[in-house]
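Read through the structure below, which is laid out as structure tokens, and then see the notes.
Structure representation (structure tokens):
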């Protein structure tokens, strides 16, 4: 039996912050929009008329601890 070890010929790839920053900002805006719809889209702060959004995120709202009744 031969004793061979595997050594990779490449290392981790560095991702420059300049390329990562726009994606991080985009993801942050999407998360803030999701938190708004789950946490605040009802009543006086509602942007969309009716209760469709409230009913769609109702269970998620309770799961995350947002009061709604």
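Residue numbers (my numbering): 1 to 69.
Cβ atoms here follow ideal geometry from the backbone N, Cα and C, with glycine treated the same way.
Helix, strand or coil at residue 13 according to DSSP, with G and I counted as helix: coil
So, residue 38 versus residue 18, is the Cβ gap smaller than 7 Å? no
Could you check what DSSP says for residue 27 in three-state terms: helix, strand or coil? helix
For residue 22, which residues in the same chain have their Cβ closer than 8 Å to its Cβ, ignoring the five residues on either side in sequence? none
Assumed close pair residue 41, residue 47 - CB separation to whole angstroms, cut-off 8 Å: 7 Å
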